[in-house]
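*Asks:* The following block contains the structure, expressed as C-alpha coordinates.
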Amino acid sequence: MDAIPKQAINISPDKVVGMVHITDEPYQTPEHGVPIRVDHNIDLHYENKSMLDGLRFWVMNFLIWWVVAKKRLLPKTYFPFLWIEREIKGKSGFYLKTNSFFVDGVSKICRQIREGAATWLALDVIIRSNFRWFGPIKLLNYFWLKIRNARAVRNRNKIVAQQLVAAIEDLHSRTGRVIIASIAHGSFEAVLTACQLFIKSHSSRNIRVFFVDQNRQAIQHMASRIDAEGLCEICSTKRLVFLKWGSVLECIQKECGALPNIVEMAGIFDHLNTDTIVDLSLNVREQLPDGGHFITAHVAPNEEAAFLETVLEWYMNYRSPEELGELMSQAGFHGSPAHPHPSTCEIIGEPEKIHYVAVCRK
-10 MDAIPKQAIN ISPDKVVGMV HITDEPYQTP EHGVPIRVDH NIDLHYENKS
40 MLDGLRFWVM NFLIWWVVAK KRLLPKTYFP FLWIEREIKG KSGFYLKTNS
90 FFVDGVSKIC RQIREGAATW LALDVIIRSN FRWFGPIKLL NYFWLKIRNA
140 RAVRNRNKIV AQQLVAAIED LHSRTGRVII ASIAHGSFEA VLTACQLFIK
190 SHSSRNIRVF FVDQNRQAIQ HMASRIDAEG LCEICSTKRL VFLKWGSVLE
240 CIQKECGALP NIVEMAGIFD HLNTDTIVDL SLNVREQLPD GGHFITAHVA
290 PNEEAAFLET VLEWYMNYRS PEELGELMSQ AGFHGSPAHP HPSTCEIIGE
340 PEKIHYVAVC RK
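For what it's worth, the numbering used here labels the leading residue of the sequence shown as -10, then goes sequentially.
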(Lines of atoms letter the chains of each structure in order from A and count residues from 1; the text may use other names and numbers.)
(Lines give C-alpha, C1' and ligand atoms only; values in the text may rest on other atoms or scores of the structure.)
Protein backbone atom coordinates (compact mmCIF):
# COMPACT_ATOMS: atom_id res chain seq x y z
CA MET A 1 0.00 0.00 0.00
CA ASP A 2 1.68 3.15 -1.19
CA ALA A 3 1.67 6.43 0.69
CA ILE A 4 -0.53 9.27 -0.44
CA PRO A 5 1.47 11.57 -2.75
CA LYS A 6 3.23 14.43 -0.95
CA GLN A 7 1.60 17.00 -3.23
CA ALA A 8 -1.77 15.94 -1.80
CA ILE A 9 -0.79 17.66 1.45
CA ASN A 10 1.33 20.38 -0.09
CA ILE A 11 1.71 22.87 2.76
CA SER A 12 4.71 25.15 2.82
CA PRO A 13 5.42 26.52 6.33
CA ASP A 14 6.28 29.92 4.93
CA LYS A 15 2.80 30.09 3.40
CA VAL A 16 0.86 29.27 6.57
CA VAL A 17 0.35 32.95 7.25
CA GLY A 18 -1.04 34.93 4.36
CA MET A 19 -2.05 32.02 2.12
CA VAL A 20 -4.58 32.69 -0.61
CA HIS A 21 -7.99 31.54 0.65
CA ILE A 22 -11.29 31.19 -1.11
CA THR A 23 -13.64 30.52 1.79
CA ASP A 24 -17.30 30.65 2.60
CA GLU A 25 -18.18 33.66 4.74
CA PRO A 26 -17.61 32.90 8.43
CA TYR A 27 -20.62 33.26 10.67
CA GLN A 28 -21.34 33.31 14.39
CA THR A 29 -23.73 30.79 15.85
CA PRO A 30 -26.08 32.59 18.26
CA GLU A 31 -25.82 30.14 21.15
CA HIS A 32 -22.08 30.04 21.78
CA GLY A 33 -20.48 32.54 19.42
CA VAL A 34 -17.87 30.15 17.99
CA PRO A 35 -17.25 31.10 14.33
CA ILE A 36 -17.73 28.41 11.70
CA ARG A 37 -16.43 28.52 8.15
CA VAL A 38 -15.88 26.11 5.28
CA ASP A 39 -12.40 26.29 3.81
CA HIS A 40 -11.58 26.16 0.11
CA ASN A 41 -7.87 26.93 0.34
CA ILE A 42 -6.51 26.27 -3.14
CA ASP A 43 -3.03 25.53 -1.74
CA LEU A 44 -4.29 22.42 0.07
CA HIS A 45 -5.54 20.63 -3.07
CA TYR A 46 -8.78 19.50 -1.48
CA GLU A 47 -10.72 16.63 -3.01
CA ASN A 48 -14.16 17.82 -3.99
CA LYS A 49 -17.13 16.84 -6.15
CA SER A 50 -16.80 13.97 -8.60
CA MET A 51 -18.80 13.21 -11.75
CA LEU A 52 -19.45 9.74 -10.28
CA ASP A 53 -21.08 11.03 -7.08
CA GLY A 54 -24.62 10.62 -8.45
CA LEU A 55 -23.91 7.03 -9.51
CA ARG A 56 -22.23 6.27 -6.18
CA PHE A 57 -25.22 7.58 -4.25
CA TRP A 58 -27.64 5.44 -6.31
CA VAL A 59 -25.46 2.33 -5.84
CA MET A 60 -25.15 2.99 -2.10
CA ASN A 61 -28.92 3.20 -1.63
CA PHE A 62 -29.42 -0.02 -3.59
CA LEU A 63 -26.79 -1.80 -1.47
CA ILE A 64 -28.40 -0.58 1.77
CA TRP A 65 -31.65 -2.18 0.63
CA TRP A 66 -29.79 -5.32 -0.51
CA VAL A 67 -27.93 -5.86 2.79
CA VAL A 68 -31.05 -5.32 4.89
CA ALA A 69 -32.98 -7.79 2.70
CA LYS A 70 -30.10 -10.28 2.76
CA LYS A 71 -30.03 -10.31 6.55
CA ARG A 72 -33.77 -10.98 6.69
CA LEU A 73 -33.82 -13.63 3.95
CA LEU A 74 -30.72 -15.45 5.21
CA PRO A 75 -31.09 -15.53 9.01
CA LYS A 76 -28.33 -17.04 11.11
CA THR A 77 -30.71 -19.70 12.44
CA TYR A 78 -30.98 -21.36 9.01
CA PHE A 79 -27.75 -20.21 7.36
CA PRO A 80 -25.12 -20.17 10.16
CA PHE A 81 -22.28 -20.70 7.64
CA LEU A 82 -22.96 -17.23 6.18
CA TRP A 83 -22.46 -15.50 9.52
CA ILE A 84 -19.48 -14.78 11.73
CA GLU A 85 -19.10 -13.49 15.27
CA ARG A 86 -17.33 -10.13 15.47
CA GLU A 87 -16.74 -7.44 18.05
CA ILE A 88 -17.72 -3.90 17.10
CA LYS A 89 -17.30 -0.99 19.51
CA GLY A 90 -16.63 -3.40 22.36
CA LYS A 91 -19.77 -5.49 21.79
CA SER A 92 -19.85 -8.98 20.28
CA GLY A 93 -22.50 -9.94 17.73
CA PHE A 94 -23.13 -11.96 14.59
CA TYR A 95 -22.65 -10.36 11.19
CA LEU A 96 -22.73 -11.56 7.61
CA LYS A 97 -19.32 -12.75 6.40
CA THR A 98 -19.85 -10.76 3.22
CA ASN A 99 -22.36 -7.94 2.97
CA SER A 100 -21.93 -7.26 -0.74
CA PHE A 101 -19.92 -9.02 -3.43
CA PHE A 102 -19.14 -5.64 -5.00
CA VAL A 103 -17.90 -4.05 -1.77
CA ASP A 104 -16.27 -6.38 0.75
CA GLY A 105 -16.51 -9.43 -1.50
CA VAL A 106 -13.98 -8.99 -4.31
CA SER A 107 -12.26 -5.84 -3.03
CA LYS A 108 -9.54 -6.57 -0.47
CA ILE A 109 -9.30 -2.87 0.39
CA CYS A 110 -13.03 -2.59 1.09
CA ARG A 111 -12.83 -5.79 3.12
CA GLN A 112 -10.04 -4.24 5.21
CA ILE A 113 -12.13 -1.11 5.73
CA ARG A 114 -15.17 -3.11 6.83
CA GLU A 115 -13.12 -5.35 9.16
CA GLY A 116 -11.34 -2.34 10.63
CA ALA A 117 -14.29 0.07 10.51
CA ALA A 118 -13.94 3.06 12.85
CA THR A 119 -10.39 1.98 13.79
CA TRP A 120 -6.85 2.99 12.82
CA LEU A 121 -6.75 0.25 10.15
CA ALA A 122 -9.64 1.60 8.09
CA LEU A 123 -8.34 5.17 8.36
CA ASP A 124 -4.87 4.08 7.28
CA VAL A 125 -6.30 2.33 4.22
CA ILE A 126 -8.41 5.36 3.27
CA ILE A 127 -5.60 7.89 3.75
CA ARG A 128 -2.63 5.99 2.32
CA SER A 129 -4.06 3.78 -0.42
CA ASN A 130 -2.76 3.88 -3.97
CA PHE A 131 -5.38 5.53 -6.20
CA ARG A 132 -4.39 3.89 -9.48
CA TRP A 133 -7.52 2.59 -11.18
CA PHE A 134 -6.22 0.45 -14.06
CA GLY A 135 -7.77 -3.04 -13.88
CA PRO A 136 -11.27 -4.18 -12.79
CA ILE A 137 -10.49 -4.65 -9.06
CA LYS A 138 -8.47 -1.45 -8.85
CA LEU A 139 -11.28 0.38 -10.62
CA LEU A 140 -13.69 -0.94 -7.98
CA ASN A 141 -11.30 0.15 -5.20
CA TYR A 142 -11.07 3.60 -6.80
CA PHE A 143 -14.86 3.81 -6.99
CA TRP A 144 -15.27 3.22 -3.23
CA LEU A 145 -12.18 5.08 -2.02
CA LYS A 146 -13.51 8.22 -3.69
CA ILE A 147 -16.89 8.36 -1.93
CA ARG A 148 -17.58 11.66 -0.19
CA ASN A 149 -16.78 10.39 3.31
CA ALA A 150 -13.39 9.03 2.21
CA ARG A 151 -12.57 12.31 0.48
CA ALA A 152 -13.67 14.19 3.59
CA VAL A 153 -11.32 12.16 5.83
CA ARG A 154 -8.37 13.02 3.60
CA ASN A 155 -9.49 16.65 3.49
CA ARG A 156 -9.66 16.71 7.28
CA ASN A 157 -6.07 15.48 7.42
CA LYS A 158 -4.99 18.41 5.27
CA ILE A 159 -6.68 20.93 7.56
CA VAL A 160 -5.18 19.31 10.66
CA ALA A 161 -1.70 19.29 9.10
CA GLN A 162 -2.03 22.95 8.08
CA GLN A 163 -3.24 24.04 11.52
CA LEU A 164 -0.54 22.02 13.26
CA VAL A 165 2.16 23.69 11.17
CA ALA A 166 0.73 27.10 12.13
CA ALA A 167 0.60 26.12 15.83
CA ILE A 168 4.16 24.75 15.77
CA GLU A 169 5.46 27.90 14.09
CA ASP A 170 3.64 30.05 16.64
CA LEU A 171 5.04 28.24 19.68
CA HIS A 172 8.51 27.84 18.20
CA SER A 173 8.76 31.59 17.59
CA ARG A 174 7.42 32.48 21.07
CA THR A 175 8.87 29.79 23.35
CA GLY A 176 11.49 27.96 21.31
CA ARG A 177 10.10 24.58 22.36
CA VAL A 178 7.20 22.49 21.06
CA ILE A 179 5.73 19.40 22.73
CA ILE A 180 2.81 17.72 20.94
CA ALA A 181 0.47 15.16 22.46
CA SER A 182 -1.30 13.30 19.65
CA ILE A 183 -4.15 11.21 20.98
CA ALA A 184 -5.36 8.11 19.07
CA HIS A 185 -4.52 7.30 15.45
CA GLY A 186 -7.16 9.50 13.78
CA SER A 187 -4.81 12.14 12.34
CA PHE A 188 -1.48 10.37 12.82
CA GLU A 189 -0.39 10.94 9.21
CA ALA A 190 -1.26 14.64 9.46
CA VAL A 191 0.98 15.00 12.52
CA LEU A 192 3.85 13.26 10.70
CA THR A 193 3.39 15.61 7.75
CA ALA A 194 3.43 18.69 9.99
CA CYS A 195 6.63 17.52 11.71
CA GLN A 196 8.34 16.86 8.39
CA LEU A 197 7.41 20.32 7.12
CA PHE A 198 8.70 21.98 10.28
CA ILE A 199 12.01 20.08 10.20
CA LYS A 200 12.44 20.83 6.51
CA SER A 201 12.21 24.58 7.09
CA HIS A 202 14.14 24.80 10.39
CA SER A 203 17.60 23.67 11.43
CA SER A 204 16.29 23.31 14.99
CA ARG A 205 14.75 20.02 16.06
CA ASN A 206 13.46 21.39 19.35
CA ILE A 207 10.17 19.56 18.94
CA ARG A 208 8.87 16.40 20.59
CA VAL A 209 5.80 14.40 19.63
CA PHE A 210 4.16 11.90 21.95
CA PHE A 211 1.68 9.54 20.24
CA VAL A 212 -0.86 7.79 22.47
CA ASP A 213 -3.29 5.01 21.61
CA GLN A 214 -4.88 2.20 23.58
CA ASN A 215 -4.74 -0.29 20.69
CA ARG A 216 -1.57 -2.41 20.57
CA GLN A 217 -1.66 -2.87 16.77
CA ALA A 218 -2.09 0.88 16.26
CA ILE A 219 0.96 1.59 18.43
CA GLN A 220 3.02 -0.97 16.48
CA HIS A 221 1.91 0.56 13.19
CA MET A 222 2.74 4.09 14.33
CA ALA A 223 6.19 3.02 15.55
CA SER A 224 6.86 1.39 12.18
CA ARG A 225 5.77 4.49 10.24
CA ILE A 226 7.85 6.78 12.48
CA ASP A 227 10.91 4.64 11.83
CA ALA A 228 10.23 4.57 8.08
CA GLU A 229 9.98 8.38 7.99
CA GLY A 230 13.19 8.83 10.02
CA LEU A 231 11.45 10.65 12.88
CA CYS A 232 12.48 8.40 15.78
CA GLU A 233 14.60 11.22 17.23
CA ILE A 234 11.58 13.43 17.91
CA CYS A 235 8.63 10.99 18.05
CA SER A 236 7.71 8.35 20.62
CA THR A 237 4.68 6.12 21.17
CA LYS A 238 2.94 4.85 24.26
CA ARG A 239 0.00 2.52 24.79
CA LEU A 240 -2.27 4.26 27.28
CA VAL A 241 -5.95 4.74 28.03
CA PHE A 242 -6.20 8.33 26.81
CA LEU A 243 -9.36 9.07 28.82
CA LYS A 244 -7.15 8.91 31.92
CA TRP A 245 -5.69 12.29 31.02
CA GLY A 246 -3.62 12.56 34.18
CA SER A 247 -1.74 9.37 33.28
CA VAL A 248 -1.06 10.67 29.76
CA LEU A 249 0.34 13.93 31.10
CA GLU A 250 2.43 12.10 33.67
CA CYS A 251 4.09 10.01 30.96
CA ILE A 252 4.76 13.05 28.79
CA GLN A 253 6.15 15.00 31.74
CA LYS A 254 8.47 12.12 32.60
CA GLU A 255 9.74 11.70 29.04
CA CYS A 256 9.86 15.32 27.87
CA GLY A 257 10.37 17.20 31.11
CA ALA A 258 7.35 19.43 30.46
CA LEU A 259 3.65 19.31 29.67
CA PRO A 260 2.44 19.46 26.05
CA ASN A 261 1.70 22.87 24.56
CA ILE A 262 -0.16 21.33 21.59
CA VAL A 263 -2.82 18.64 22.00
CA GLU A 264 -4.24 16.97 18.89
CA MET A 265 -7.06 14.45 19.03
CA ALA A 266 -8.87 14.77 15.69
CA GLY A 267 -11.16 11.81 15.08
CA ILE A 268 -11.75 10.39 18.56
CA PHE A 269 -14.78 12.58 19.37
CA ASP A 270 -16.78 10.67 16.73
CA HIS A 271 -16.92 7.77 19.21
CA LEU A 272 -17.47 9.54 22.54
CA ASN A 273 -20.60 10.72 24.29
CA THR A 274 -21.25 14.39 25.01
CA ASP A 275 -20.27 14.37 28.69
CA THR A 276 -16.98 12.57 27.97
CA ILE A 277 -16.09 15.06 25.23
CA VAL A 278 -16.71 18.05 27.51
CA ASP A 279 -14.84 16.50 30.46
CA LEU A 280 -11.85 15.52 28.32
CA SER A 281 -11.72 18.93 26.64
CA LEU A 282 -11.96 20.66 30.03
CA ASN A 283 -9.02 18.60 31.30
CA VAL A 284 -7.02 19.48 28.20
CA ARG A 285 -7.73 23.22 28.56
CA GLU A 286 -6.91 23.27 32.27
CA GLN A 287 -3.51 21.65 31.72
CA LEU A 288 -2.53 23.59 28.59
CA PRO A 289 -0.11 26.46 29.20
CA ASP A 290 -1.28 29.94 28.18
CA GLY A 291 -0.93 30.23 24.42
CA GLY A 292 -1.19 26.45 24.00
CA HIS A 293 -3.17 24.92 21.14
CA PHE A 294 -5.90 22.26 21.08
CA ILE A 295 -6.97 20.73 17.75
CA THR A 296 -9.82 18.27 17.48
CA ALA A 297 -12.57 17.35 14.99
CA HIS A 298 -15.99 15.82 14.51
CA VAL A 299 -18.02 14.21 11.75
CA ALA A 300 -21.31 15.84 10.75
CA PRO A 301 -24.55 14.12 9.63
CA ASN A 302 -24.42 13.33 5.92
CA GLU A 303 -26.24 11.39 3.20
CA GLU A 304 -23.73 8.50 3.21
CA ALA A 305 -24.05 7.71 6.92
CA ALA A 306 -26.64 4.95 6.35
CA PHE A 307 -24.31 3.22 3.86
CA LEU A 308 -21.40 3.35 6.31
CA GLU A 309 -23.48 1.82 9.09
CA THR A 310 -25.42 -0.78 7.07
CA VAL A 311 -22.85 -1.99 4.53
CA LEU A 312 -19.50 -1.25 6.21
CA GLU A 313 -20.72 -1.45 9.84
CA TRP A 314 -18.88 1.80 10.58
CA TYR A 315 -20.76 3.38 13.48
CA MET A 316 -20.12 6.92 14.66
CA ASN A 317 -21.82 9.65 16.66
CA TYR A 318 -22.75 12.44 14.26
CA ARG A 319 -22.87 16.07 15.42
CA SER A 320 -23.32 19.30 13.50
CA PRO A 321 -20.58 21.96 13.52
CA GLU A 322 -22.88 24.05 15.72
CA GLU A 323 -22.98 21.20 18.25
CA LEU A 324 -19.19 20.88 18.11
CA GLY A 325 -18.89 24.61 18.78
CA GLU A 326 -21.26 24.28 21.74
CA LEU A 327 -19.14 21.43 23.20
CA MET A 328 -15.96 23.51 22.86
CA SER A 329 -17.72 26.47 24.48
CA GLN A 330 -18.79 24.30 27.42
CA ALA A 331 -15.15 23.24 27.80
CA GLY A 332 -14.10 26.89 28.03
CA PHE A 333 -12.93 27.50 24.46
CA HIS A 334 -14.95 30.50 23.33
CA GLY A 335 -15.24 32.28 20.02
CA SER A 336 -14.35 35.77 21.18
CA PRO A 337 -11.06 36.99 22.67
CA ALA A 338 -13.17 39.58 24.52
CA HIS A 339 -14.74 36.80 26.63
CA PRO A 340 -13.93 36.97 30.38
CA HIS A 341 -11.90 33.77 29.90
CA PRO A 342 -10.21 34.55 26.57
CA SER A 343 -9.59 31.07 25.19
CA THR A 344 -10.49 31.19 21.52
CA CYS A 345 -11.94 28.63 19.12
CA GLU A 346 -12.81 28.43 15.44
CA ILE A 347 -14.57 25.60 13.57
CA ILE A 348 -13.19 24.92 10.08
CA GLY A 349 -15.06 22.64 7.68
CA GLU A 350 -13.56 20.91 4.66
CA PRO A 351 -15.27 21.38 1.26
CA GLU A 352 -17.45 18.26 1.54
CA LYS A 353 -18.93 19.72 4.76
CA ILE A 354 -18.66 16.32 6.46
CA HIS A 355 -15.67 16.77 8.77
CA TYR A 356 -15.18 19.89 10.89
CA VAL A 357 -11.97 20.76 12.75
CA ALA A 358 -12.03 22.74 16.00
CA VAL A 359 -8.92 24.92 16.31
CA CYS A 360 -8.62 26.22 19.88
CA ARG A 361 -6.07 28.30 21.74
CA LYS A 362 -5.85 28.96 25.44
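Each residue gets a CB set at the ideal place from its N, CA and C atoms; glycine is no exception.
Keep in mind the model is a prediction, meaning the values are calculated, not measured.
Is the CB-CB distance between T226 and I208 below 7 Å?
*Replies:* The answer is yes: Cβ separation under 7 Å.
*Asks:* Note down the Cα distance separating E253 from L128, rounded to an integer number of angstroms.
*Replies:* If you take the alpha carbons of E253 and L128, they lie about 35 Å apart.
*Asks:* For the structure I just gave you, are there three or more beta carbon pairs, one from the segment 278 to 289 and one from the segment 41 to 54, closer than 8 Å?
*Replies:* As far as the Cβ criterion goes, the segment 278 to 289 does not touch the segment 41 to 54, which means the pair count is below three.
*Asks:* If we ignore side chains and look at the alpha-carbon of each, how far apart do R26 and V167 end up?
*Replies:* Whole-angstrom Cα-Cα distance: 28 Å.
*Asks:* Quick one: grab the DSSP three-state call for A212.
*Replies:* A212 falls in the helix class under three-state DSSP.
*Asks:* How should Q242 be labelled, buried or exposed, when 16 other C-beta atoms within 10 angstroms of its C-beta is the threshold for buried?
*Replies:* Burial call: exposed.
*Asks:* If the criterion is Cβ atoms closer than 7 Å, does the pair V198 and C224 meet it?
*Replies:* Yes, the Cβ-Cβ distance between V198 and C224 is below 7 Å.
*Asks:* How many angstroms separate the CA atom of E158 from the CA atom of H191?
*Replies:* Taking the straight line from one Cα to the other gives about 10 Å.
*Asks:* Which whole runs of the beta strand (DSSP E) in the segment 262 to 311 are 3 residues long or more, in chain order?
*Replies:* Segments of the beta strand (DSSP E) lying fully in the segment 262 to 311: 282 to 288.
*Asks:* Around the Cβ of S81, are there at least 16 other Cβ atoms within 10 angstroms (buried) or fewer (exposed)?
*Replies:* Label assigned to S81: exposed.
*Asks:* Would you please state the rounded distance, in angstroms, between the beta carbons of A170 and P249? I believe it to be under 8 Å.
*Replies:* With 8 Å as the limit, A170 and P249 qualify as a contact, their Cβ atoms being about 4 Å apart.
*Asks:* With 16 other CB atoms within 10 Å as the buried threshold, where does S213 fall?
*Replies:* So S213 counts as exposed.
*Asks:* Of the choices Y307, I115 and A247, whose alpha-carbon is the least far from that of T263?
*Replies:* When only C-alpha atoms are compared, the closest one is Y307.
*Asks:* Decide if H10 is buried, meaning its Cβ has at least 16 other Cβ atoms within 10 Å, or exposed.
*Replies:* With a pLDDT of only 42 at H10, under 50, the local geometry of the prediction cannot be trusted, and no value is derived from it.
*Asks:* How would you label P69, buried or exposed, when you count the other beta carbons within 10 angstroms and need 16 or more for buried?
*Replies:* It is exposed - the Cβ of P69 has fewer than 16 other Cβ atoms within 10 Å.
*Asks:* What did DSSP end up calling E104 once you bin it into helix, strand or coil?
*Replies:* It is helical.
*Asks:* Can you tell me which of the three DSSP states G165 falls into?
*Replies:* Of the three classes helix, strand and coil, the one that applies to G165 here is coil, per DSSP.
*Asks:* Taking 7 Å as the limit between beta carbons, can you name the residues of its chain near R205, skipping five residues before and five after?
*Replies:* Here the set comprises R228.
*Asks:* Just how far apart, CA to CA, sit W72 and F83?
*Replies:* Roughly 6 Å separates the two Cα atoms.
*Asks:* Determine the burial state of E341: buried for a count of at least 16 other Cβ atoms within 10 Å of its Cβ, exposed for fewer.
*Replies:* E341 comes out buried.
*Asks:* Of all the CB atoms in chain D, is at least one closer than 7 Å to the CB of I223?
*Replies:* In the structure shown, chain D cannot be found, because there is only a single protein chain.
*Asks:* Grab me the residues of I136's own chain with a C-beta within less than 7 Å of its C-beta, minus the 5 sequence neighbours each way, in chain order.
*Replies:* Hits under 7 Å: R45 and E293.
*Asks:* With burial defined as no fewer than 16 other Cβ atoms inside 10 Å of the residue's Cβ, what is the status of I(-2): buried or exposed?
*Replies:* Only weak support is given to the placement of I(-2): the predicted model assigns it a pLDDT of 49, under 50, and the question is left unresolved by the model.
*Asks:* Apply the 10 Å Cβ neighbour rule to G280 and answer buried if 16 or more other Cβ atoms are within range, or exposed otherwise.
*Replies:* That one is exposed.
*Asks:* Quick check on this structure: which residue in L62, V142 and A58 has the alpha carbon closest to the alpha carbon of G338?
*Replies:* Nearest C-alpha to G338: V142.
*Asks:* So, L316 versus I336, is the Cβ gap smaller than 7 Å?
*Replies:* It is not a contact, given that the beta carbons lie outside the stated cut-off.
*Asks:* Under a Cβ-count criterion, where at least 16 other Cβ atoms within 10 Å of its own Cβ denotes burial, should T66 be classed as buried or exposed?
*Replies:* Result: exposed.
*Asks:* Here's the rule I'm using: 16 or more other beta-carbon atoms within 10 Å means buried, otherwise exposed. How should L195 be labelled?
*Replies:* What sits at residue 195 in the sequence shown is Asn, not Leu. N195 comes out exposed.
*Asks:* Does the distance from the CB of I257 to the CB of G175 come in under 7 Å?
*Replies:* Going by C-beta atoms, I257 is nearer than 7 Å to G175.
*Asks:* Tell me the start and end of each unbroken beta strand (DSSP E) in the segment 186 to 258 that is at least 3 residues and wholly inside, in chain order.
*Replies:* 196 to 202, 224 to 228 and 251 to 253, all fully within the segment 186 to 258.
*Asks:* At the level of alpha carbons, what is the spacing between C240 and E178?
*Replies:* Going from the Cα of C240 to the Cα of E178 covers about 22 Å.
*Asks:* Quick check on the burial criterion: 16 or more other C-beta atoms within 10 angstroms. Buried or exposed for A255?
*Replies:* Answer is buried; the Cβ neighbour count reaches 16.
*Asks:* Check whether the Cβ atoms of I172 and F91 lie closer than 7 Å to each other.
*Replies:* Cβ atoms of I172 and F91: not closer than 7 Å.
*Asks:* Count the other C-beta atoms from every protein chain shown that fall within 10 angstroms of the C-beta of E302, then say buried if there are 16 or more, exposed otherwise.
*Replies:* E302 should be labelled buried.
*Asks:* Taking the beta strand (DSSP E) that F83 belongs to, which residues open and close that run?
*Replies:* From DSSP, the beta strand (DSSP E) with F83 extends over K80 to L85.
*Asks:* Between the alpha carbons of Q346 and M305, how many angstroms are there, rounded?
*Replies:* Going by the sequence as given, residue 346 is Val instead of Gln. Approximately 16 Å, taken between the alpha carbons.
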